[in-house]
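Visitor: In my numbering, the protein residues as written are 95 to 222.
Okay, handing you the structure first.
The following block contains the structure:
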């Protein structure tokens, strides 16, 4: 299975996982990690442990809020060092729900572009 990791400062990652559970029910292989609970080295070790676990054999998507931030920088190092790991910034609920519903239906190599397109479609503006 393709696993997902949401990486954030504060409780955002955990809240996103909980919100997705409220919408679609029980979720497997989606992890929330806080960037502020530990050092960069410790975060790197946690990410590396998940990325190299047997459950990640089909691939890993790491989701962060901001490109270039500390979460991004640690995750980018992991992506650079391991195969079948992708990093996507701009995490939102549409993106995570799309990941959860499509990770078993699409090839890892194609999934990233699909997820980004779905995330963009989830951002709209409604005015009077």
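Quick reminder that beta carbons are idealized off the backbone N, C-alpha and C, glycines included.
Can you check DSSP and say which residues form a bridge with residue 98?
Guide: In the chain shown, the residue the question calls residue 98 occupies position 4. Residue pairing for residue 98: DSSP places it in a beta bridge opposite 124 and 155.
Visitor: Could you tell me whether the Cβ of residue 169 comes closer than 8 Å to any Cβ of chain D?
Guide: You won't find chain D in this structure, because it holds only one protein chain.
Visitor: Which residues in the same chain as residue 208 place their Cβ atom closer than 8 Å to its Cβ, once the five residues preceding and following it in sequence are excluded?
Guide: For the purposes of this step, residue 208 is taken as the residue at position 114 of the chain shown. The residues are 192, 196 and 200.
Visitor: Could you tell me whether the region 147-165 touches the region 176-187, where touching means 3 or more Cβ pairs closer than 8 Å?
Guide: In short, these stretches touch, since the Cβ pair count reaches three.
Visitor: Considering residue 172, what are the terminal residues of the alpha helix (DSSP H) in which it resides?
Guide: Here residue 172 refers to the residue found at position 78 when the chain shown is read from its first residue. Where residue 172 is concerned, the enclosing alpha helix (DSSP H) stretches over 164-175.
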